[in-house]
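Take the sequence shown: its letter number 88 is residue 88 in the UniProt record's numbering, and every next letter is one higher.
Just so you know, even glycine gets a beta-carbon here, dropped at the ideal spot from N, CA and C.
For clarity, every value in this text was computed on a predicted model and none was experimentally measured.
Below is one structure, written out as structure tokens, with a few remarks after it.
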Amino acid sequence: MSTCLPDEISSEILSPALKVFDDMFSDMSDVSPFAHYSPSTSAYLLVCKDWLRVATPLLYHVVVLRSKAQANALELVLPNKPAFGRFTKKLRVEGGYGMAMYTILGSAPNITDLFVSL
């Protein structure tokens, strides 16, 4: 008996846990809705290879950059994993991150929503 779920079902199960709601993404409050600690959603990718395969596009669908370290890490990943950049549809940038943004924006051709706050 197989215990594997089809990717479509796994995606439907994981989507709510990895979703960034539009109102949070576009929130213009003085304090970012992403400033408060929450457990890392990337932990879902560590469960098994099937979840890694299904959840990676969901995780990169909305990218929120809040620190130079995050921007630098993404800058290093995207040239080596170009699919990750293609998964990105929304990018929220909370700060100025210099030339890292050149690489990030150049590696994410499918961005439809860009939020920038300095």
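Distance, residue j Cα to residue i Cα
i   : j    : result
L5  : M101 : 37 Å
D7  : V64  : 25 Å
H36 : K68  : 17 Å
Where residue i sits in the DSSP three-state scheme
i           : result
residue 179 : Not covered by the structure: residue 179. The range shown for the chain is 1 to 118.
D27         : coil
L18         : helix
Y34         : At residue 34 the sequence reads Phe, which differs from the Tyr that was named. F34: coil per DSSP, three-state reduction.
S117        : strand
V54         : helix
Under 8 Å between C-beta atoms of residue i and residue j
i   : j    : result
L18 : L59  : yes
K89 : V116 : no
S10 : D50  : yes
A74 : I104 : A small fix is needed here, since residue 74 is Leu in this sequence, not Ala. Contact: yes.
S42 : P82  : no
F87 : V77  : no
Among the options, nearest to residue i - alpha-carbon criterion
i   : options          : result
S32 : S38, P39 and M24 : M24
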